[in-house]
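Residue numbers (our numbering): 86 to 489. Note sheet for the following structure.
Set out below in structure tokens:
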């Protein structure tokens, strides 16, 4: 072959090789997935997902706003609106419940919802947190890769079946199954799920368009837990202190509580026992004990990582036990007695989750007392007051919370 003919032939071979190598990359046009970011932890998790999915033809677009919570029907409508607003094929978001964080990936077009959970403890960036975050990022990568391949993972959202002779409104068409109530279609791809969280890229099929390796059926109720976390009991043991106006140091004591907690509400009963306060002067020696029982209702306000804050209102009663000893013959002391007073007021609390079963909690409350006792004694028929306490008194408490 002459040199004149060798040049064009070499250029042709290079061109064919370039087309073979660059063709798949050019064919895989990027598509959009929108990520709802509601906290700084969500931002840190999104960076992990970006790192794990950097080789996929997907653009992760951030949408800042409130967490996707609330009824299942309205949540699915929010997901659909997010996808329409950003022209996205998939919507991804995170939900934290205590030390458990769930990643959810929805594809509105095929009505698929994928849910996986991992345990994230500590602050973002710590070793314990990073292990769980990496597991969630791998799970999100599997879901995004499946959407890209046209075989989305997770449950199939189905509209509720209407009753005969009755119109179906929009809320009923988006049933709680929209966010994984455990019911799914029995048709083949609707039962697909991702591999275990520990699986990495080595477990995926290398062929283009192939579905992720080692699919596993979705466990019944797994996705439903992300919508409505089951309620759990709590046991509280700690100490409290209050400024009551009877003595300069107030009164201190122990507290014991039991509660029932949901995602958006905490109900509890606390029993407080104070150490008896000793007061004396040249005429009398007085002992005042205080014992309280308070019903609390708290609403969670902020949850960031392992720290959660709540505010609420308490109603209960305080029992005052009084004993007076006269130190002179001219002193007329009141006999020992017991008196009840009504208690109500607001409180705020902050809880730090040490582990899944253990947390530390600090609280501050302002208590309004109605019917508190007025202390005093009589000398030669003249009443000498010893104080009636404060109508509003601050109380602080620290406790260990057990979550069995």
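All C-beta atoms, glycine included, are put in the ideal place defined by N, C-alpha and C.
By a C-beta neighbour count over all protein chains shown, 10 Å radius and 16 as the cutoff for buried, is residue i buried or exposed?
i: residue 233; result: buried
i: residue 226; result: buried
i: residue 405; result: buried
i: residue 347; result: exposed
i: residue 476; result: exposed
i: residue 143; result: buried
i: residue 441; result: exposed
i: residue 423; result: exposed
i: residue 172; result: exposed
i: residue 125; result: exposed
i: residue 431; result: exposed
i: residue 205; result: buried
i: residue 318; result: exposed
i: residue 138; result: buried
i: residue 57; result: Outside the shown range of the chain, which is 86 to 489, sits residue 57, and nothing can be said about it.
i: residue 237; result: buried
i: residue 452; result: buried
i: residue 436; result: buried
i: residue 220; result: buried
i: residue 196; result: buried
i: residue 485; result: exposed
i: residue 114; result: exposed
i: residue 366; result: exposed
i: residue 470; result: exposed
i: residue 192; result: buried
i: residue 415; result: exposed
i: residue 358; result: exposed
i: residue 393; result: buried
i: residue 212; result: exposed
Consult DSSP for residue i and reduce its assignment to one of helix, strand or coil.
i: residue 218; result: helix
i: residue 399; result: strand
i: residue 454; result: strand
i: residue 147; result: strand
i: residue 348; result: coil
i: residue 127; result: helix
i: residue 368; result: coil
i: residue 141; result: coil
i: residue 264; result: Residue placement at residue 264 is poorly supported in this model, since its pLDDT is 45, which falls under 50; the coordinates are not used for a value here.
i: residue 416; result: strand
i: residue 236; result: coil
i: residue 476; result: coil
i: residue 392; result: strand
i: residue 459; result: coil
i: residue 360; result: coil
i: residue 338; result: strand
i: residue 115; result: coil
i: residue 385; result: strand
i: residue 287; result: Note that residue 287 has pLDDT 35, beneath the 50 cutoff, so the model's placement of it is unreliable and the number below is only indicative. Helix at residue 287.
i: residue 246; result: Note on residue 246: pLDDT 47, under 50, position unreliable in the model; the coordinate value appears next. Three-state DSSP puts residue 246 in coil, outside helix and strand.
Using DSSP bridges, identify the partner residues of residue i.
i: residue 329; result: Residue 329 pairs with nothing; no bridge assigned.
i: residue 428; result: 401, 454
i: residue 134; result: Note: residue 134 sits in no beta bridge, so no partner.
i: residue 319; result: 344
i: residue 380; result: 354, 400
i: residue 410; result: 370
i: residue 441; result: Its beta-bridge partners do not exist; DSSP assigns none.
i: residue 470; result: 461
i: residue 446; result: 436, 484
Quick test of your reading: residue i and residue j, contact by CB under 8 Å. State the CB separation rounded to the nearest angstrom.
i: residue 179; j: residue 130; result: 6 Å
i: residue 320; j: residue 338; result: Going by Cβ atoms, the distance from residue 320 to residue 338 rounds to 18 Å, so no, they are not a contact pair.
i: residue 147; j: residue 120; result: 6 Å
i: residue 324; j: residue 340; result: 7 Å
i: residue 377; j: residue 401; result: 6 Å
i: residue 351; j: residue 344; result: 6 Å
i: residue 447; j: residue 438; result: 13 Å between Cβ atoms; not a contact.
i: residue 177; j: residue 240; result: The pair is not a contact, with the Cβ atoms about 16 Å apart (cut-off 8 Å).
i: residue 403; j: residue 454; result: 7 Å
8 Å is my cut-off, CB to CB: does residue i come that close to chain B?
i: residue 162; result: No chain B is part of this structure, which consists of one protein chain only.
Give the list of continuous beta strand (DSSP E) stretches no shorter than 3 residues that lie fully inside the segment 151 to 233. The segment 151 to 233 contains these whole beta strand (DSSP E) runs: 175 to 182, 185 to 192, 197 to 204.
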